[in-house]
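If you read the sequence shown in numbering that gives the first Met the number 0, its first letter stands for residue 0, the second for the next number, and so on. C-beta atoms are modelled at their ideal positions from N, C-alpha and C, and glycine is treated no differently.
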Amino acid sequence: MNRIDRISAILIQLQSRRVVKAADIAERFNISLRTVYRDVRTLEEAGIPIIGEAGVGYSIMDGYRLPPVTFTKEEATAFLTAEKFIEKLTDASTVANHKSAMYKIRAILRNAEKDLLEDIDSNIQVFKNRSQPQAAHNDYIQTILNSISQKQILCIDYFAHHSQENTKREIEPVGIFFMDGYWHLIAYCLLRKDYRDFRIDRIKTLSVTDKLYGNQHPTLKAYIAQTAKEKHLETVIIKVDKEIHGNLSYQKYWSGFVSEKTVGNMIEMTFLTASIEGFAHWYMMFGDRAEILQPASLKERIKAIGQTILKKNL
Numbered sequence: 000m001n002r003i004d005r006i007s008a009i010l011i012q013l014q015s016r017r018v019v020k021a022a023d024i025a026e027r028f029n030i031s032l033r034t035v036y037r038d039v040r041t042l043e044e045a046g047i048p049i050i051g052e053a054g055v056g057y058s059i060m061d062g063y064r065l066p067p068v069t070f071t072k073e074e075a076t077a078f079l080t081a082e083k084f085i086e087k088l089t090d091a092s093t094v095a096n097h098k099s100a101m102y103k104i105r106a107i108l109r110n111a112e113k114d115l116l117e118d119i120d121s122n123i124q125v126f127k128n129r130s131q132p133q134a135a136h137n138d139y140i141q142t143i144l145n146s147i148s149q150k151q152i153l154c155i156d157y158f159a160h161h162s163q164e165n166t167k168r169e170i171e172p173v174g175i176f177f178m179d180g181y182w183h184l185i186a187y188c189l190l191r192k193d194y195r196d197f198r199i200d201r202i203k204t205l206s207v208t209d210k211l212y213g214n215q216h217p218t219l220k221a222y223i224a225q226t227a228k229e230k231h232l233e234t235v236i237i238k239v240d241k242e243i244h245g246n247l248s249y250q251k252y253w254s255g256f257v258s259e260k261t262v263g264n265m266i267e268m269t270f271l272t273a274s275i276e277g278f279a280h281w282y283m284m285f286g287d288r289a290e291i292l293q294p295a296s297l298k299e300r301i302k303a304i305g306q307t308i309l310k311k312n313l
């Protein structure tokens, strides 16, 4: 990415959040903090009212707005691809809200991008595995997310699979995630006095109470990391070529996907897995276009599998 494109992208990033840390900008574009400071100074010299506070980050003066941004063809196609996944893997409210957002996005696209989306719409499809159940049988995802942002206690009727019992609970929601075909809600259960993982499809009824919670809960990412440690899950970090990254979009969730970030021409992906053996066999499908950063045990297992394949086929 050339400097002009990067500075434009930094401006958009500054508009996307109330405060943006210099370290976040440096990580996103794989540049030094010194380069970030220089780029921000260039924006200031161009008349952008940027407020910088040491130890906090950068923000743009409230009330300052730029004209709507334009999207590249690749970005417009990515929106459409995401829409296909949302239609299959979320609930009715989330689908409706995303469609509404897509209308707004389409409204500011240039005619060439609008034509592209019209032409390619029928060429992108997402199909559920035949054995995979519907991701969300109810319509609770948006309600849960709203309650998290407002710190509102939820009251749920929940079917506990291990005891085969229905229980009524008040919970303090922490976050949601999608894994193995199901949406999960991590929440602090006031009945059990501990954190619990609730499968959203097993929530029979859900209502928002007028009670607020003030407890400081861990972030979802921190909770999952701690749980992984307790369950002896192994952290796997790999880098894959951007060209094949899109092919892993669905499979990665079955392999313990946690997060990803762009590093130059590669996508660095982090996973939590209970089976290095299983992950190794999945990695072999695209390993010629990827690199293992950790753990060493995965590298050794890949090497052993490769040697076995060579012996059997030479």
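| Query | Result |
| --- | --- |
| Exposed or buried, residue 200, counting other C-beta atoms within 10 Å across all chains shown (16 or more means buried)? | buried |
| Which residues in the same chain have their Cβ closer than 8 Å to the Cβ of residue 120, if we skip the five residues on either side of it in sequence? | 79 |
| Which one or two residues does DSSP pair with residue 172 in a beta bridge? | 186 |
| I think residue 303 touches residue 237, with their Cβ atoms under 8 Å apart; what is that distance to the nearest whole Å? | Actually they do not touch by this definition, with Cβ atoms about 18 Å apart. |
| In chain order, what residues of the same chain have a beta carbon less than 7 Å from the beta carbon of residue 29, not counting five sequence neighbours either side? | 262, 263 |
| Can you look up residue 138 in the DSSP assignment and give me helix, strand or coil? | coil |
| Could you give the distance in angstroms between the alpha-carbon of residue 167 and the alpha-carbon of residue 191? | 11 Å |
| Run the CB neighbour count on residue 284, radius 10 Å, all protein chains shown included, and call it buried at 16 or more, exposed below. | exposed |
| Any chance you could list the beta strand (DSSP E) runs of at least 3 consecutive residues sitting entirely within the segment 243 to 291, in chain order? | 256 to 262, 265 to 272 |
| Count Cβ pairs between the segment 46 to 64 and the segment 86 to 102 that sit closer than 8 Å; are there 3 or more? | no |
| Assign residue 107 to one of two classes, buried (16 or more other C-beta atoms within 10 Å of its C-beta) or exposed (fewer than that). | exposed |
| Assuming residue 164 and residue 189 are in contact, meaning their beta carbons sit under 8 Å apart, how far apart are those beta carbons, in whole angstroms? | No, residue 164 and residue 189 are not in contact; Cβ-Cβ is about 17 Å, not under 8 Å. |
| Going along the chain, which residues of its own chain have a beta-carbon closer than 6 Å to the beta-carbon of residue 212, five neighbours each way excluded? | 150, 152, 171 |
| Report the rounded CA-to-CA distance for residue 15 versus residue 305, giving the unit in angstroms. | 45 Å |
| Just tell me which of 214, 257, 218, 240 has its CA closest to the CA of residue 233. | 257 |
| Alpha carbon to alpha carbon, what distance is there between residue 173 and residue 82? | 25 Å |
| Report the CB separation of residue 139 from residue 205 in whole angstroms; it is logged as a contact under 8 Å. | 5 Å |
| Please classify residue 146: is it buried, with 16 or more other beta-carbons within 10 angstroms of its beta-carbon, or exposed? | buried |
| Less than 8 Å separating the beta-carbons of residue 6 and residue 34? | no |
| With a Cβ-Cβ cutoff of 8 Å, do residue 197 and residue 252 count as a contact? | no |
| Under the three-state reduction of DSSP, which class applies to residue 70: helix, strand or coil? | coil |
| For residue 293, which residues of its own chain have a beta-carbon under 6 Å away from its beta-carbon, when the five flanking residues on both sides are left out? | 236 |
| Hey, out of 195, 72, 210, whose CA is closest to residue 118's CA? | 72 |
| Quick one: using the 10 Å Cβ neighbour count with 16 as the cut-off for buried, is residue 255 buried or exposed? | buried |
| Between the Cα of residue 268 and the Cα atoms of 291, 90, 280, 287, which residue gives the shortest distance? | 291 |
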